[in-house]
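Heads up, the sequence shown is in my numbering, so the first residue is 11 and it goes up one at a time.
Ideal Cβ placement from N, Cα and C applies to all residues, glycine included.
Read through the structure below, which is laid out as structure tokens, and then see the notes.
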Amino acid sequence: MLPTVPRVKRIVLDFEKSAWKALSRVLPTVKLSGCSFHWSKAVWRKIQYLGLQAAYHEDRAAQTFLRNVMALPYIPADDIEEMFNRLHEQANQNDSLLNLLQYVRKTWIYANRWDPTTWSAYRRNIRTNNDIEGWHNRINQTSLKQTSAPILRSRKTTTQGSQDRRSSSRTC
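Structure, rendered in structure tokens:
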């Protein structure tokens with residue numbers, strides 16, 4: 011499919027099913043890894059959804075517990091399930107914490123799409139794709155500033171020229 015064999019060994023990307031599926035097809039030998047920042051962001055959104063954000067900011071024990079959940083990507087993939095089970099034992103029948111852990115279990119621990127081997131960042135030099143996203147945003151901002159004005163000027167000139175021709179043909 012590609013003209014040459016890519017030398018890429020690993021790609022770090024967001025958790026978008028379509029991107030993972032496409033890259034798996036196009037680059038079957040490349041290891042795909044989830045971005046640890048986006049993993050934590052997904053868990054943080056669930057924390058907010060469950061109303062645990064206030065507890066995170068006001069209760070030291072809750073903050074420690076939630077930070078430990080969000081730190082799961084930084085331990086070896088083979089140890090994540092055991093650590094998750096320890097966290098589950100610590101949840102002390104707190105419904106909100108148990109709901110969070112249920113989400114993590116279904117979405118990240120025993121998921122078909124993203125099991126711990128795909129999102130564990132343990133001993134990975136590159137753990138996020140934020141630098142690349144920032145680079146792309148900067149290029150887009152710069153290119154829009156540099157190219158949009160001439161394009162608009164050119165378009166305006168073309169449009170004005172068309173209008174001038176139409177109005178001059180009407181008066182003649």
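Q) When burial is assigned at 16 or more other CB atoms within 10 Å of the CB, is Pro83 buried or exposed? A) Reading the sequence shown from its first residue, position 73 is the one you call residue 83. With 16 or more other Cβ atoms within 10 Å, it is buried.
Q. DSSP state of Leu23, grouped into three classes?
A. Taking the sequence shown and counting its residues from 1, one reaches residue 23 at position 13. Looking at Leu23 - three-state DSSP - the assignment turns out to be strand.
Q) With 16 other CB atoms within 10 Å as the buried threshold, where does Val36 fall? A) Along the sequence shown, one-based indexing puts residue 36 at 26. Val36 should be labelled exposed.
Q) Short check: CB of Phe25 to CB of Ala64, under 8 Å? A) The residue you call residue 25 lines up with position 15 of the sequence shown. The residue you call residue 64 lines up with position 54 of the sequence shown. In this structure, Ala64 does not lie closer than 8 Å to Phe25 by Cβ.
Q) Near Ala131, what residues of its chain come up, given a Cβ to Cβ distance below 7 Å and the 5 sequence neighbours on each side ignored? A) As a first step, residue 131 is located in the sequence shown; it is residue number 121 there, counting from the start. Ser46, Pro83, Tyr84, Arg137.
**Q.** Pairwise C-alpha distance: Gln103 and Trp145
**A.** Residue mapping note: residue 145 aligns to position 135 of the sequence shown, counting from 1. Residue mapping note: residue 103 aligns to position 93 of the sequence shown, counting from 1. Unreliable positioning characterises Trp145 in this predicted model, as indicated by a pLDDT of 49, which lies under 50. The coordinate reading is nonetheless provided below. Cα to Cα, the separation comes out at about 44 Å.
Q: Spell out the partners DSSP gives Gly44 in its beta bridges.
A: Residue mapping note: residue 44 aligns to position 34 of the sequence shown, counting from 1. Answer by DSSP bridge pairing, in chain order: Leu23.
Q: For Gln100, collect the residues of the same chain with a Cβ closer than 7 Å to its Cβ; drop the 5 residues on either side in sequence, then sort them by chain order.
A: Along the sequence shown, read from residue 1 onward, the residue named residue 100 stands at position 90. Same-chain partners within the cutoff: Phe75.
Q) Using the C-alpha atoms, what's the distance from Asn95 back to Pro126? A) As a first step, residue 126 must be located in the sequence shown, where it is residue number 116. As a first step, residue 95 must be located in the sequence shown, where it is residue number 85. Going by the C-alpha atoms only, they are around 14 Å apart.
Q.
Please classify Leu44 as buried or exposed, where buried requires at least 16 other C-beta atoms within 10 Å of its C-beta.
A. In the sequence shown, residue 44 corresponds to position 34, counting from 1. The question names Leu, yet the displayed sequence has Gly at residue 44. Looking at its Cβ environment, which holds 16 or more other Cβ atoms inside 10 Å, Gly44 is buried.
Q: With Ile90 as the anchor, note down where its alpha helix (DSSP H) starts and where it stops.
A: What you label residue 90 is simply residue 80 of the sequence shown in a count that begins at 1. 87-100 is the extent of the alpha helix (DSSP H) around Ile90.
Q: Spatial neighbours of Ile57 within its chain, please: CB distance less than 7 Å, with the 5 preceding and 5 following residues excluded, ordered by chain position.
A: Translated into positions along the sequence shown, residue 57 becomes position 47. These residues qualify, in order along the chain: Gln63, Tyr66, Leu76, Leu110.
Q. Going by alpha carbons, who is nearest to Ala72 out of Leu33, Pro86, Leu97, His48?
A. Counting from 1 along the sequence shown, the entry for residue 72 is found at position 62. Taking only the C-alpha atoms, the option nearest Ala72 is Leu97.
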